[in-house]
Each structure stands twice: as structure tokens, then as C-alpha cells.
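*Asks:*
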DNA sequence: TATCGATCGATACACTGTATCGCTATAAGA
DNA sequence: TCTTATAGCGATACAGTGTATCGATCGATA
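Protein chains in written order, with full-length UniProt numbering: chain P, 1 to 231; chain Y, 1 to 231.
1) With 8 Å as the limit, tell me which residues of the segment 203 to 215 of chain Y have their beta carbon closer than that to any beta carbon of chain P; keep them in chain order.
2) Check distances from the C-beta atoms of the UniProt domain "HTH tetR-type" (20 to 80) of chain P to those of chain Y and list, in chain order, the residues that come in under 8 Å.
3) Provide the residue span of the alpha helix (DSSP H) that contains residue 125 of chain P, from first to last.
4) Closest to residue 99 of chain P by C-alpha separation, out of P/113, P/90, P/79, would be which residue?
5) For chain P, find out if any of its Cβ atoms is closer than 9 Å to the Cβ of residue 116 of chain Y; answer yes or no.
6) Kindly confirm or deny that the segment 139 to 152 of chain P and the segment 222 to 229 of chain P touch, where touching means at least three C-beta pairs closer than 8 Å.
7) Verify the CB distance criterion: does residue 155 of chain Y have a CB-CB separation below 9 Å to chain P?
8) For a cutoff of 9 Å on Cβ pairs, would you count residue 187 of chain Y as touching chain P?
9) Where residue 163 of chain P and residue 116 of chain Y are concerned, what is the direct C-alpha to C-alpha distance, given to the nearest angstrom?
10) I'd like to know whether the C-beta atoms of residue 194 of chain Y and residue 131 of chain P end up nearer to each other than 9 Å.
11) For residue 152 of chain P, decide whether its Cβ has a neighbour in chain Y, counting only Cβ atoms nearer than 9 Å.
12) Please go through the same chain and pick out, in chain order, the residues whose beta-carbon is closer than 7 Å to the beta-carbon of residue 210 of chain Y, but skip the five residues on each side of it.
13) Could you tell me the alpha carbon to alpha carbon distance between residue 51 of chain Y and residue 107 of chain Y, rounded to whole angstroms?
14) Kindly list the residues whose CB is nearer than 7 Å to the CB of residue 81 of chain Y, restricted to its own chain and excluding five residues on each side of it in sequence; keep chain order.
15) Would you mind stating whether residue 94 of chain P and residue 157 of chain P have Cβ atoms separated by less than 9 Å?
16) DSSP three-state call for residue 189 of chain Y: helix, strand or coil?
17) For residue 20 of chain P and residue 42 of chain P, what's the separation of their Cα atoms in angstroms?
18) Does the distance from the CB of residue 75 of chain P to the CB of residue 111 of chain P come in under 9 Å?
19) With 9 Å as the threshold, decide whether the Cβ of residue 122 of chain Y is near any Cβ in chain P.
20) Within this structure, are the beta carbons of residue 221 of chain Y and residue 221 of chain P separated by less than 9 Å?
21) Relative to the C-alpha of residue 141 of chain P, which candidate in Y/48, Y/197, Y/35 has its C-alpha closest?
22) Hey, does residue 224 of chain P have any beta-carbon neighbour from chain Y nearer than 9 Å?
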């Protein structure tokens, strides 16, 4: 199970025959397929077909499917712009948080892949470096704690957001919050009276948009950090 | 793609022939396999074999594989003890957070499944209800924000923790923090000098244990909540 | 021009989830 | 007790997956 992705594998010398391919082209095709139809659409056969090649051709550029997925993830990390070096830790982390969220909404499959394996690609490492560097505390352990907590929140929140989005999309296109509650099962459940708080949520809560909720939660985390490490 | 799990499907009347089965037995076997060998070990063939049955037999108790996975997730939710009703929101949420973390460490596949589909099983709903109920703010929207943020952090943090754990386990059994840094690739990367903060982390940071880091991050979130909603 | 060498992809294998459907063993009816 | 109906089980089959093997085919070099 030692499926270590080789991040700095040299490109094969040149491509002679039909259409010259490259690892970038393979990864690009895979990303395009995943963006359009989800991760299920990313199979060696489909990616190869999208490039007008046979499935086995891909093995010249990618050693395994896990490596292809790793490369896709790293590509997304590359899309996230780093915070300005002059920014304070709070704006810096907010910038990163929103960058990750935006990237994850552009590529919904990102959250499915993130966290399956550690991100050690060049773009992921650059992302991590600039994120850490935006928090200029003297104690490096504190820096790790803060960045770790913020990123944990970000990934958790974005994952939840996209899950909700998918559920809404699949169960009838109605975008109204908690419209699942009108499903017969949910109504039955709420009718038992054993979920009073849940019922309050369904009936009383206003459906604010996702970005607002994300920002509120992020505010909690950053406020908590400030409360302990502010000058 | 309307793979709606039917949570309250009635059990089939009775099992006559070889070994009487039940949905609980099927889910239990699946969980046992997943605990032992990861989610890859959960296939209809393998689960059925573990029960001494043919693969098709499972379809009497479970409509699809996604439903089986949903049931497994709900079973884990059932293991998480609710917070005491007399607890304040802070202790209540801390209790839930640690409960989720503990359950996820008992069943490492949990984080892989959580967030793929919304959790609407009875145990998940009970878990959500008791979690919401522990935060007795007058504004239900605030309750949602707080619980949402805390759970986002918890799931993100636990996911990261288990990913790290898997990486350590697969890359040589050395448990030392950042021992990946001694891998040739990581050394090469750090030698470029383009990741100074990362290098500081690798060389200077002390390797505290995961529970401590989890608690610290959770503290940030809860402190942030307290800063805005404290009486 | 002839040989070599690399690369492409057809074929194959083990595995997945699941649709179909004949068999069988049990339960009900006479 | 003997027959019939019924329902559940699982063998078989199918489309899909990742990938190992390896023969054919093409380009470049001698």
C-alpha cells in the first residue's frame, strides 16, 4: 500500500506519435471531467477517451490513479492565491479561508479528495508555507495550532456546505433551506415530538446564505485566536 | 441518482432458512470489516461471506450499497453519548466534540463517509437534536451558527488527525512527528530554501500529542463563541 | 535501408455493484 | 398426508473499474 506519489517525476522525453500528451494535459482533462460530472467521471478509460487515447497511454504520465487524484488536488491548491505578505494574521487567514472556499466551490470534488492523503504536492506546500508565514507569532507551536484550527474549520465547513448543496440539487432542485423537511420521512420524524429543537430550526430559522454562515463561523475561530494571542 | 435511504423500512417478516439474518447483523458485519481493514473491505461479497451467505442475500436487508454505508454511519452516531441536559453550552459542546472524536478514532472509516451524504438517520438526528438543545440561546439562528461552526471544526480536525495517522502508519511505522520530512522528497523540497516557515515547523516544533492540539483548536472556537454570545 | 528501441493500446484478470431468474425449501391448503 | 403456492436464496451475467502483460507498430538511428 506504499502508493507514494512521485511529485518530481521527470516528463518523458518527448511525444512522437498521434497527439503529444503531457502530465498537465492528462490532469487537465481529468479535472474538466470531474468538474462536469463529479469524481465518478474520472476513470482511466474516460480520461483517456477525452484525450483521444487508449487507457493504457495514461500510465506513461501517471503511475497510478491515486497519483492522478493527488495531482488534481495539487492543481486546485495552485489556484488559491496566497495572502499578501504585508497582511496581518487575521486578514491573511481570512484571505486563505475564502480562497479555499472559492476553489472548493469551483471544483466540488475537491472536498472529496482533500484529507484522503496528506497534501505534499508543490502547490499544496506553497499554500501551506504562505499560510503559516502569514501568522508571525514567535512561538512556532502556536502558529501551527492557529493555522491548524482555522484550516480544520474551513475544510469542515466547506465540506458541509457542498454536501448540503448536493442534497438540495438531488432532491428536487428546490433551493429553499431545509426543504428536505417537507419530505414525508422528515415530517414523520418531526411529528413524533422528540426533536423539539430540530423542529424549531426547521420552522423558525431564517435561511441566510452559505457565505454569511461561513463568515460567521470563521469569525468565531479568529476571535478565539485573537482572545489568546492578541497583543 | 435519487438514492434516498429509507430509514424506517420495516424488517422482513422472518428469516426461515439457513442462518436468520437481520439488517443489524448485516450492518454489524460491515462495521466489523471496515474497522479491521478499512472501507475497501466493505463489499457486498465480503460482507455476505462474513455472514456465510451469498452476496445477493444482502439485498433483502439493504437496498443499495449507499444505504449500507448510511446505516453504518448512523450506527456510529448511536455510539456518541449525548451531553447532560444540565450542562451549559460550553461543556455540552465540548462533550459532543470529544464524543465525535472518540467515535471517529474507533471507526476510522467514519470520516471518509461523513459528509458524503447528509446524515438523516435516527441516531444522527438524535445526535443533532441533543447537540442543538445544549445551546440554549434565544435566537435559533445563533444556535445554528454556533453548532455549525463547532461541528465544522470537529469534523475538519478529526479528518486531518486521521489522515496524518494513516500517513504515519503507511510510511514506515515511525510515529515521530513530521518524520515524512526525512523522506528524500521532503528534504529536497526544504533544501530549496523556498519554505522557511515550513522548515521552522519541521525543525523547531515540539510534537505535542493530537488530543492536546484538538483541545486547543476547540478552545479557539468556543472562546470565539463566548466572546460574542456570553451573558 | 535495415535494425533497434521505445511506446501505444488490445487483451486479460480480478474485482466491484447489482439485474435477472431458476431452484429449493418452507408453509399453507385440501 | 399429499399437493400446491410462495417466497427467498444465490448462481449467473453484465457493465464497469484499475492495471499487468505483451505483441504490434512506429520513429529514430546506424
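Glycine included, C-beta positions come from ideal geometry on N, C-alpha and C.
If you're wondering where the values come from, they're calculated on a predicted model, not measured in any experiment.
*Replies:* Reading it off the structure:
1) Of all residues in the segment 203 to 215 of chain Y, those with a C-beta nearer than 8 Å to a C-beta of chain P are 204, 205, 206, 208, 213, reading in chain order.
2) Answer in chain order: no residues at all.
3) Segment 122 to 133, the alpha helix (DSSP H) holding residue 125 of chain P.
4) The candidate whose alpha carbon is nearest that of residue 99 of chain P is P/79.
5) For residue 116 of chain Y, at least one C-beta of chain P is nearer than 9 Å to its own C-beta.
6) A contact exists between the segment 139 to 152 of chain P and the segment 222 to 229 of chain P.
7) Chain P, which has a Cβ nearer than 9 Å to the Cβ of residue 155 of chain Y, makes this yes.
8) Interface with chain P (9 Å Cβ-Cβ cutoff): residue 187 of chain Y is excluded.
9) The alpha-carbon atoms of residue 163 of chain P and residue 116 of chain Y are separated by roughly 6 Å.
10) Taking 9 Å as the Cβ cut-off, residue 194 of chain Y and residue 131 of chain P do not qualify as a contacting pair.
11) A Cβ of chain Y is located within less than 9 Å of the beta carbon of residue 152 of chain P.
12) Take residue 210 of chain Y, set aside five residues on each side of it, and the residues of its chain with a beta-carbon closer than 7 Å to its own are 161, in chain order.
13) So the alpha carbons of these two residues sit roughly 20 Å apart.
14) Cβ contact annotation for residue 81 of chain Y (same chain, cutoff 7 Å, sequence separation greater than five): 99, in chain order.
15) It is not a contact, given that the beta carbons lie outside the stated cut-off.
16) It is helical.
17) If you draw a straight line from the Cα of residue 20 of chain P to the Cα of residue 42 of chain P, it comes to about 21 Å.
18) The answer is no: Cβ separation not under 9 Å.
19) For residue 122 of chain Y, the nearest beta carbon of chain P is closer than 9 Å to its own beta carbon.
20) In this structure, residue 221 of chain P lies closer than 9 Å to residue 221 of chain Y by Cβ.
21) Nearest of Y/48, Y/197, Y/35 to residue 141 of chain P, Cα basis: Y/197.
22) With a threshold of 9 Å between beta carbons, residue 224 of chain P makes contact with chain Y.
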